[in-house]
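Everything on this sheet refers to the single structure shown next.
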Amino acid sequence: MPFFFFFFFCCRKLVLYPSGNSKRNGKGHVSLYLAIADTEKLSRGWEVYVNFKLFVLDYNCNNYLTIQDADGVVRKFNEMKSEWGFDQLISLEVLFDPCNGYLVEDSCVFGAEVLVIGHSAKSESLSMAVNTLPVKPPIGPPVEPPTYGSLTWRLQNLLTWAASDVVISKTFTVGDREWNLQVTPKGDSADGIRGKYLSLFLQLTDCERFPSNTTVNASFKLKILDQLHNQHYEKTENSSFCASHKQRGYSKFISLSELYEVKNGYFKDDDIILEVEILKMAIIMEPLAYENFTWKLENLSKFDWLKRNHSGPERHWKFEVHTKGVEAVSKKKGVDTDSIVGKYLALFVNLSETKKFQSNRTINLTLKCKILDQLRNKYYEKTENYSLLISDTQWLLSNVISLSELNLAENGYIKDDAIIMEVEISNISMV
């Protein structure tokens, strides 16, 4: 029987099977899943894109065993699939072995770290832990989440910088994006803070290389290192970066009086040490309302397939219409060839500019193919949702309409050996 642990943050929960989920090959293991709660309260057609990790606390070492999908895959939660996780999170043999430190006084601690990417292109970061039974708090400092990327920068001769000087660090790369730190040692000119605060910002430097609707969501930590006691001054932020908002951080990061206070250890030998840790990051493309293309395919009986190229507001698309189904490509895509060849009209959609993006990016979209009934002026429609790696450059709608239905004169789809086809691509996002 599963246990349900609710955390009321956008209605999500953890579902735990202590003895394994027998219905999903979880026997001999602990099964743990992240799920959307209260789905009946959500609007029809809801979708949530999530990158997440699940944890088991090791009491002996005071750190976590981390379990995550390969390559940090973003999972889509929707009405059809409201739960994702691991059937075999950890074996019961490993869990019960006292040397591993996962089970103490008949209790263990499970946790989840969640990055939610919504259609609004905003991200939310959450870390939480759930106890199966009440346990004593672990000894020692709290366990920090792993760092995605970082830069440590020593800023020298701090007192020599003029009031208006802005100092920029070297560029560093995290997640295929380029970043730097920007500091104004005497404070920027906003709100009359110059001479009172040090201003510190994280800056995305390569926005121009990506489409205008690309957004980078990042959780990051800015620090000034304590060079005496190792008690660092830090602030954490979750922000979105884009072409119009390249810079995020704090105009009032730390007051100059606190910075120069000798006992704090931040300022030593006219130097300070700054550090940034990028804890989480996701590159997404905001969904467009839709991209819509309509064309008339003439002399239909004379061709097995036809090509069309179209440019939308942000992207270039290639379409192939196979009027008698497809065989060679169907086998490659893992489609049951016998079920479609000679029986269905098929549609290939190709995004022609995939070389701009890393091959491990995932593109999500809804593809709708419509064929006009030219007698009654209404459409036949076929819709599919896709979530595929960008390296898989073609999406196949293998069974748009059966040829028997297409060729039936009374349906009105073919007139003068031509059909009018419309393709609508919507809910486009890339992570």
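For the sequence shown, the residue numbers in mature numbering (1 follows the signal peptide of the UniProt record, and there is no 0) are -22 to -1, 1 to 409. Where is the CB? At the ideal position from N, CA and C, for every residue including glycine. This structure is a prediction, so every number in the text was calculated from the model and none was measured.
Residue interval of the beta strand (DSSP E) (run including residue i)
i: residue 238; result: Looking at the DSSP string, residue 238 is not in any beta strand (DSSP E); the run it does join, the alpha helix (DSSP H), is 234 to 238.
i: residue 391; result: Looking at the DSSP string, residue 391 is not in any beta strand (DSSP E), and its letter there is neither H nor E.
i: residue 192; result: 192 to 202
i: residue 217; result: 211 to 219
i: residue 346; result: 340 to 351
i: residue 147; result: Premise fails: residue 147 is in no beta strand (DSSP E) and is neither H nor E.
i: residue 438; result: Residue 438 lies beyond the stretch modelled for the chain, which goes from -22 to 409, so this question has no answer here.
i: residue 327; result: 322 to 329
i: residue 272; result: 269 to 275
i: residue 130; result: 127 to 133
i: residue 14; result: 7 to 14
i: residue 298; result: 294 to 300
i: residue 205; result: Note, residue 205: premise wrong, no beta strand (DSSP E); not H, not E.
i: residue 177; result: 175 to 182
Short CB-CB distance (under 8 Å) between residue i and chain C
i: residue 345; result: No chain C is present in this structure, which holds just one protein chain.
Short Cβ contact (8 Å threshold) for residue i with residue j
i: residue 297; j: residue 326; result: yes
i: residue 133; j: residue 161; result: yes
i: residue 36; j: residue 80; result: yes
i: residue 397; j: residue 284; result: no
i: residue 201; j: residue 237; result: no
i: residue 9; j: residue 70; result: no
i: residue 151; j: residue 158; result: no
i: residue 27; j: residue 54; result: yes
i: residue 234; j: residue 176; result: yes
i: residue 240; j: residue 128; result: no
i: residue 209; j: residue 246; result: no
i: residue 323; j: residue 340; result: no
i: residue 405; j: residue 344; result: yes
i: residue 14; j: residue 32; result: no
Backbone CA spacing between residue i and residue j [nearest angstrom]
i: residue 279; j: residue 395; result: 7 Å
i: residue 421; j: residue 17; result: Absent from the model: residue 421. The displayed extent of the chain is -22 to 409, so no value can be given.
i: residue 380; j: residue -9; result: 43 Å
i: residue 228; j: residue 178; result: 5 Å
i: residue 64; j: residue 352; result: 50 Å
i: residue 377; j: residue 181; result: 47 Å
i: residue 286; j: residue 365; result: 23 Å
i: residue 215; j: residue 260; result: 15 Å
i: residue 415; j: residue 21; result: The structure shown has nothing for residue 415, since the chain only spans -22 to 409.
i: residue 321; j: residue 156; result: 50 Å
i: residue 355; j: residue 375; result: 23 Å
i: residue 24; j: residue 349; result: 27 Å
i: residue 342; j: residue 60; result: 17 Å
i: residue 88; j: residue 242; result: 37 Å
i: residue 277; j: residue 347; result: 20 Å
i: residue 137; j: residue 199; result: 25 Å
i: residue 401; j: residue 269; result: 8 Å
i: residue 185; j: residue 219; result: 9 Å
i: residue 231; j: residue 29; result: 30 Å
i: residue 299; j: residue 399; result: 10 Å
i: residue 135; j: residue 294; result: 51 Å
i: residue 144; j: residue 41; result: 39 Å
i: residue 391; j: residue 272; result: 14 Å
i: residue 250; j: residue 139; result: 13 Å
i: residue 77; j: residue 359; result: 59 Å
i: residue 141; j: residue 58; result: 58 Å
i: residue 221; j: residue 43; result: 37 Å
i: residue 197; j: residue 225; result: 13 Å
i: residue 248; j: residue 217; result: 32 Å
Assigned exposure category for residue i - 16 Cβ within 10 Å defines buried
i: residue 258; result: buried
i: residue 193; result: buried
i: residue 74; result: exposed
i: residue 479; result: The structure shown does not extend to residue 479, since the chain spans only -22 to 409, so no value can be given for it.
i: residue 147; result: buried
i: residue 38; result: exposed
i: residue 195; result: buried
i: residue 7; result: buried
i: residue 223; result: exposed
i: residue 90; result: buried
i: residue 265; result: With a pLDDT of 48 at residue 265, under the threshold of 50, the modelled position of this residue cannot be trusted; read the value that follows with caution. Its Cβ being crowded by 16 or more others within 10 Å, residue 265 is buried.
i: residue 166; result: buried
i: residue 86; result: buried
i: residue 164; result: buried
i: residue 3; result: exposed
i: residue 303; result: buried
i: residue -3; result: buried
Where the alpha helix (DSSP H) containing residue i begins and where it ends
i: residue 383; result: 381 to 385
Report task. Go through the stretch 22 to 77 residue by residue and report every complete run of the alpha helix (DSSP H) that reaches 4 residues or more, in order. Result -> 70 to 74
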